[in-house]
Amino acid sequence: MDYAVTGASGFIGSHICKRLLEQGHRVTAFGNNAPPKGSWRRTIWDNCHKQITIDLTATDPNFNGIDRVIHLAADMGGVGFFTANDYWPYIKNSRMTFRVLGAIGFWETPRSFVAASACAYPTNMQMHEGNAPRLAEWMLERGTPDQMYGREKLMLTRLAERHPQDVRVGLLHTVYGIGQEYQGERVKFPMAAAVKAIHARETGKVEMWGNGHQLRSYLYVDDAIRKILTMLEHETYEGATNIGFDGAISCLQIQQLCNRLAGVPDAQIITNSAKPSGVLARDCNNDKWRTLYGNEILIGYDEGFRRIVDWLDAHAPY
Numbered sequence: 006m007d008y009a010v011t012g013a014s015g016f017i018g019s020h021i022c023k024r025l026l027e028q029g030h031r032v033t034a035f036g037n038n039a040p041p042k043g044s045w046r047r048t049i050w051d052n053c054h055k056q057i058t059i060d061l062t063a064t065d066p067n068f069n070g071i072d073r074v075i076h077l078a079a080d081m082g083g084v085g086f087f088t089a090n091d092y093w094p095y096i097k098n099s100r101m102t103f104r105v106l107g108a109i110g111f112w113e114t115p116r117s118f119v120a121a122s123a124c125a126y127p128t129n130m131q132m133h134e135g136n137a138p139r140l141a142e143w144m145l146e147r148g149t150p151d152q153m154y155g156r157e158k159l160m161l162t163r164l165a166e167r168h169p170q171d172v173r174v175g176l177l178h179t180v181y182g183i184g185q186e187y188q189g190e191r192v193k194f195p196m197a198a199a200v201k202a203i204h205a206r207e208t209g210k211v212e213m214w215g216n217g218h219q220l221r222s223y224l225y226v227d228d229a230i231r232k233i234l235t236m237l238e239h240e241t242y243e244g245a246t247n248i249g250f251d252g253a254i255s256c257l258q259i260q261q262l263c264n265r266l267a268g269v270p271d272a273q274i275i276t277n278s279a280k281p282s283g284v285l286a287r288d289c290n291n292d293k294w295r296t297l298y299g300n301e302i303l304i305g306y307d308e309g310f311r312r313i314v315d316w317l318d319a320h321a322p323y
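Our numbering puts the first residue of the sequence shown at 6, with every later residue one more than the last.
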């Protein structure tokens, strides 16, 4: 089967391409730029059957002959990135949404997957410290999404529902794993926690943004890829569905876990409430997923974070 993957040079996109290639599919990789030479992502990019560097904010993608489109391209990062950048990511992501959905219609792609986000859920439900709502799909209309990024992802969700082709929406909660950004303003909390734990081997301390009590759930990337492809290929689809892990844990607990895995369980953790921390509490409700696609055994936090600490030790230039 012929797949097109937008955002193929990114974290989740690289993993998707790798899995599709392992399954024997033909993969056309769309990316704003090729990954850096010598990087883990570059090897996957080079192994794809076709590589297309494209600015999806300005150019329509060509999906001629493609059986499946997986749209992952987005201008995004962690809470620090979106606190500092609100306007342009919304504009860029909206432009990409219009061009990709338009191309899916123009080329009459039989079936597609587009990635929305848990940021589409209302923030007013997620601002009670210590009380993490299990966000279910029916809650999407109960308030205002998280920042402009979340507004765009809600728009993407509603446009996909009305698309003349079969366009399926996954509401991605925080995904983490090997190959993710580990430096710069786009780093997300799971990788930042692992990096800080490794640095604590020398400094003996870690600084955390917020008070550490923020509650989140995290889905390891291997499970995210399997869920995306299951949703895409299964004959059953009943609207936007969560792709996440149900089991909220505090940021402080994750940092303590990373410290232990990095061999510095006694490292001092200093919280900084002056830094942005995002919503205070969020969990993922997978009831709809289990009803449609069955129960599953997911990679737990101990194993998932062990993998990224080991990967950082082996690949990152510390």
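Each residue gets a CB set at the ideal place from its N, CA and C atoms; glycine is no exception.
Measuring CB atoms only, is the stretch 246 to 259 touching the stretch 184 to 191, in the sense that at least three cross pairs come out at less than 8 Å? no
Would you identify the three-state DSSP class for Gln56, choosing helix, strand or coil? strand
Same chain only: Cβ atoms within 6 Å of Tyr95, ignoring 5 sequence neighbours per side: Met153 and Glu157
By Cβ distance below 6 Å, which residues in the same chain neighbour Tyr8 in space, the five residues on each side in sequence not counted? Leu25, His30, Val32 and Arg73
Cutting at 6 Å between CB atoms, please list the residues of its own chain near Asn136, excluding the five before and the five after it. Ala286
So Val314 and Ala202 are in contact, right, with Cβ under 8 Å, and what is the actual spacing, rounded? 7 Å
For Ser14 and Ser278, what's the separation of their Cα atoms in angstroms? 34 Å
Taking three-plus beta-carbon pairs below 8 Å as touching, is the stretch 120 to 137 in contact with the stretch 64 to 71? no
Between Cys53 and Gly209, what straight-line distance do the alpha-carbon atoms span, to the nearest angstrom? 43 Å
Trp214: buried (16+ other C-beta within 10 angstroms of its C-beta) or exposed? buried
Once the 5 residues before and after Lys232 are set aside, which same chain residues still bring their CB inside 6 Å of it? Ile248
Counting Cβ pairs closer than 8 Å, one from the stretch 55 to 62 and one from the stretch 218 to 225, do we hit at least three? no
Between which two residues does the beta strand (DSSP E) carrying Met213 extend? Lys210 to Trp214
Short Cβ contact (8 Å threshold) for Gly43 with Glu166: no
Count the other CB atoms within 10 Å of the CB of Gln273; is the residue buried (16 or more) or exposed (fewer)? exposed
What are the partner residues of Val32, as DSSP defines its beta bridges? Tyr8
Counting along the chain, where does the alpha helix (DSSP H) carrying Gln152 start and finish? Gln152 to Glu166
Over the uninterrupted alpha helix (DSSP H) stretch that includes Gly110, give me the two end residues. Tyr92 to Phe111
Applying the criterion that 16 or more other CB atoms from any shown protein chain within 10 Å of the CB defines a buried residue, is Met236 buried or exposed? buried
Step through the CB atoms of chain D and report whether any lies within less than 8 Å of the CB of Gly244. Note that chain D does not occur in the displayed structure, where there is just one protein chain.
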